[in-house]
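Worksheet: the structure to be examined is printed underneath.
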Amino acid sequence: MNELMIGIDIGGTTVKIGLINHDGEILVKWEIPTNKDNAGQAVINDIWTSITEMIAKHKIENEIIGIGVGAPGFINPETGIVEEAVNIGWKNFNLTEELHRLCNLPVFIENDANLAALAENWKGSGNSAENLIFITLGTGVGGGIIANGEILNGTNGTAGEIGHILVAPNEYRCNCGRVGCLEAIASATGIVHMAMDHINKAPHGVLAACYNQRGMLEAKDVFDCAMAGDEASQRIINRMTEALGMAMANLAVTINPSHIIIGGGVSKAGEPLLAKITAAFKKYALPRVSDCCEVKLAQLDNDAGMIGAAYLVKSWFEKQGI
């Protein structure tokens, strides 16, 4: 091993950490719990303690060249400050300074969805595209945009908040407080919300039976029912993909990407979902834009954050000519 990078993906439940080489290969990876006590004050110390143990175990003290970190929430990569990460408890937390103080190595941070976009473009489905949109469909809807080879952050780090594109201003309220965000329809939460609305209207249908069996409902249940032929479930999935396709079409006419990558837990519905999303995208998109844009599923799954974090380190050294 030589010239290794550490990629860190901080989540609300666990922190994923990997030792990664210049080719983007994860040589060692592990997880630690995210300690959210006292507004997450112990998280960085926990991370560095874990890293030092792993460095000592593998005797690579002099081979680490830098650390990249991804975290959820609003992040300013220029200042290194996490302005707000609700799931952890951070507010105006100088993550870069705190970690650099411990490790005395170059430290770079980014929003976790932006890192997934960078990772997919480096080692996944993006094929080093100059212009790419990454959309993650999970509990919420996130995303990252690469334009002219660079991640877009915007004035205060809010660029790429794809989940908050308005697609249905008279429908569901989003957690951000507005009505009609894409996240309120195309996320796992949104799918379940639509399904529960249907159950309230049709308490003896297929979805109701599925709900009653376990006393709960997940987005996967709706997909499974749709695949089995349940028309109500199919309408919900169609509503979700129509909203997503429209948002993608509007983004694509702005960015003109060669790739749109779909990731996150909901994307595990696979090729049938991808086909519906692609059809909706083509329905709404300007043909000149959609004809040169490929919609693909993400490849890196839970490793994307770590790999993208390592890419921050790699790209910085390359820009310095080192």
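Just so we're aligned, residue 5 is where the sequence shown starts under my numbering, counting upward by one. Even for Gly, the Cβ is constructed at its ideal location relative to N, Cα and C.
Between E101 and the ligand GDP, is there a pair consisting of the residue's CB and a ligand heavy atom that are separated by less than 7 Å?
Only the bare structure without any ligand can be found here, which leaves the ligand GDP out of the picture.
So, helix, strand or coil for E124, using DSSP?
Three-state DSSP puts E124 in a helix.
Three Cβ pairs or more, each shorter than 8 Å: is that satisfied between the segment 273–286 and the segment 172–180?
The segment 273–286 is not in contact with the segment 172–180.
In this structure, does DSSP put M231 in helix, strand or coil?
Correct three-state label for M231: helix.
Less than 8 Å between the CB atoms is what I'm expecting for G249 and F227, so what's the real figure, rounded?
Contact doesn't hold; Cβ gap of about 17 Å is too wide.
Leaving out five residues on either side along the sequence, give the residues of the same chain with a beta carbon under 6 Å from the beta carbon of T193.
These residues qualify, in order along the chain: T143.
Does H62 come out as helix, strand or coil in the three-state DSSP assignment?
Three-state DSSP puts H62 in a helix.
Quick check: is the beta carbon of L221 nearer than 8 Å to any beta carbon in chain E?
Among the chains in the structure shown there is no chain E, since it carries only a single protein chain.
Please classify M198 as buried or exposed, where buried requires at least 16 neighbouring CB atoms within 10 angstroms.
With 16 or more Cβ atoms within 10 Å of its Cβ, M198 is classed as buried.
My guess is that L106 and W52 are in contact by the Cβ rule of under 8 Å, so how many angstroms apart are they, rounded?
Confirmed, about 4 Å.
Give me the Cα-Cα distance between G181 and E165, rounded to the nearest whole angstrom.
Taking the straight line from one Cα to the other gives about 15 Å.
Near Q303, what residues of its chain come up, given a Cβ to Cβ distance below 6 Å and the 5 sequence neighbours on each side ignored?
The residues are G128, S129.
With I14 and M310 assumed to form a contact (beta carbons below 8 Å), what rounded beta-carbon distance in angstroms separates them?
Not a contact, Cβ separation roughly 11 Å.
In the DSSP assignment, find the alpha helix (DSSP H) that holds D41 and state where it starts and stops.
Note, D41: alpha helix (DSSP H), 41–44.
With DSSP as the reference, label L106 as helix, strand or coil.
L106 falls in the helix class under three-state DSSP.
Contact check, M58 vs W94 under 8 Å by CB: the rounded distance?
Wrong, their Cβ atoms sit about 24 Å apart, outside the cutoff.
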